[in-house]
Structure formats: C-alpha cells, structure tokens
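Heads up, the sequence shown is in our numbering, so the first residue is 65 and it goes up one at a time. Using N, Cα and C, we set each Cβ at its ideal position, and we do this for glycine too. All values reported here derive from a predicted model rather than from experimental measurement.
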Amino acid sequence: MKRCHVLTLFPGFFSSPLSETLLKRAREKGALDVNLVDIRGFSEGRHKTADDAPYGGGAGMVLKPEPIFRAVEAVRRSSQSPLRVVLLSPQGKLFSQETVREYAESPKDLVLICGRYEGVDERVAAHLADEELSIGDYVLSGGEAPALVVLEAVARLLPGVLGAEESARFDSFSEEGILDHPHYTRPPEFEGMKVPDVLLSGNHEEIRKWRRREALRKTLAARSDLLARARLAEEDKRILKDLETESS
Ligand code: SAM
C-alpha cells in the first residue's frame, strides 16, 4: 500500500475528490492510503495561527515554519516507513511521468506539503523538504490542487488500481516516452466526420502500424522535444523521416 500524508490548511478541499472514481477505488482496494493532516492542529495559541506577515514587508502572508515542522515530525513518529517530503511550489522541479513512477515505486511514504498565500517560510524548503515540486509554470492559490494531481497520477500506477480494460502502459509519456495515438469510438461517422477506415478493418497489424504513425505524428507536431529522449525503434525513425518529408 502506498501511504501519502497531505499537510494542508484546508483538509475539506479533498473530501469529494478522494470519494470519487479513481482515488476512491485506489483507497477502497487498499492500494492507496491518504492521511490528511491539518497544519492548524500543530499551531500554537488560542487562534491557532499558521501564517504571519513577511519579514521585510510587502503584501500577503507567509505560512509559519513551526506548525509544518511539527506536523512532519508527528507523521514521522506515526509512520513505519521513511518519508519523502515534498513541498508543492511553483518554484520546484517540474512534475513528470518519470517522477510519478518514482513516487509510485518508492517504499517511502509520500508527504505533500500544501502552501497558501504568498507561500511557505523558506526554512521548510531549505531544511525540511527533500524537494520542491511544481505541477507547471503557472501560479495557483494553494498546493491542494497540485497535491490532488500528484495523488491521482501516482494512484493510476499502483498495482490493481486500473481495471483490466484500462492500461497506463501506452499512455502519453509512458514506456516509450512519446504521446499516445488518437482514439475513436462509435459511431463510425458523426456529422460527416469519419473514423479512419483502418480502425474498422479488423487488420491488427495495419491498426498497430497506423497507431504508431499517428502517435509519432502527434508527438512531432505538439511535443517534438520528447523525441530526443524517446525509445525509438528503427521503424519509428523511418516513420519520422517520412512525416518530416510529408510536412515540408
Ligand atoms: N509567491 C509564490 C511564488 O511566486 O513562487 C507563489 C505562492 S502560491 C500563491 C501559494 C501556494 O500554492 C504555494 O506555496 C504552493 O504550495 C502552491 N502552488 C501554486 N502554484 C503551484 C504550482 N504550479 N505547483 C505546485 N504548487 C503550487
């Protein structure tokens, strides 16, 4: 079972996403355990203050270090496994499928710290977190949505979570590092838009070749940066050459 601890000021943010579809299934199957930790519970004083004004002045508030250090310490004491402590931050390394795989396969419990306001006191990044992680080059108001992104991406790779009819193996960025091929379903024609004939042919070898070509076409058009690192067979290289000539 993969154990994840989410440190947040807003545990209620997670109630619906954790009780629906994939995350619900992963938890019910015992593949994933999500422990929501309210940072405020580790704050001191009558008002349980978890944030304060920034040193040096300026707008907004900053999450205080003490409640977060204490919350991680409490998780460490209660956990039987070592921890991987991740601070969600737009300043972190970009989240990728490679990191998803690493988290899913690691025996360590995953601790996700959700910031808010102007962010988190820098001592958390410098002395508590193993890494800072960003889900993209944009700024959200808190780390809760990024934490859900991480949880769902990791849950999909845990054994037994995806049904027999689903597979993460051929998804974009997975084994071969390119984008997935296009998918179609019934009807074969909709308002003049037709499903490619080959997909209705029943010829498995032709379908395989078409899917590979179209996956490479999409990758070349939208994410040619992936091709430098992708695991390409000789057949793929020939297709790419062909596609390049086709588009020139
Ligand atoms: N002042 C910070 C900056 O410009 O780098 C942004 C703080 S943001 C408004 C508040 C919190 O949202 C962050 O501490 C982080 O936990 C979370 N957050 C926002 N965007 C994020 C992203 N792209 N990836 C991960 N976490 C993010």
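Cα-Cα separation, residue i to residue j
i	j	result
residue 214	residue 164	7 Å
residue 239	residue 302	20 Å
residue 250	residue 207	39 Å
residue 67	residue 193	17 Å
residue 260	residue 293	29 Å
residue 77	residue 69	14 Å
residue 143	residue 254	54 Å
residue 204	residue 267	47 Å
residue 188	residue 141	18 Å
residue 233	residue 103	37 Å
residue 152	residue 201	13 Å
residue 185	residue 300	48 Å
residue 289	residue 199	18 Å
residue 81	residue 65	19 Å
residue 269	residue 309	24 Å
residue 177	residue 145	18 Å
residue 119	residue 125	10 Å
residue 231	residue 278	19 Å
Limits of the unbroken alpha helix (DSSP H) element including residue i
i	result
residue 270	268–286
residue 131	129–142
residue 101	No alpha helix (DSSP H) contains residue 101, which is instead part of the beta strand (DSSP E) from 96–102.
residue 85	85–92
residue 210	208–221
residue 302	298–311
residue 188	186–191
Sub-8 Å separation of residue i and residue j beta-carbons
i	j	result
residue 95	residue 241	no
residue 326	residue 252	The structure shown does not extend to residue 326, since the chain is modelled only from 65 to 312, so the question has no answer here.
residue 219	residue 100	no
residue 307	residue 284	yes
The ligand SAM heavy atom lying under 7 Å from the CB of residue i
i	result
residue 167	no
residue 181	yes
residue 144	no
residue 161	no
residue 152	yes
residue 203	yes
residue 184	yes
residue 199	yes
residue 178	yes
residue 207	yes
residue 210	yes
Expected contact under 8 Å - CB spacing of residue i and residue j to nearest Å
i	j	result
residue 106	residue 135	5 Å
residue 168	residue 222	6 Å
residue 156	residue 195	7 Å
residue 127	residue 114	6 Å
residue 173	residue 197	Not really, about 16 Å apart at Cβ, beyond 8 Å.
Continuous beta strand (DSSP E) stretch holding residue i: start and end
i	result
residue 262	Residue 262 -> no beta strand (DSSP E), and no H or E assigned at all.
residue 163	Here residue 163 belongs to no beta strand (DSSP E); instead the alpha helix (DSSP H) covers 161–169.
residue 154	147–158
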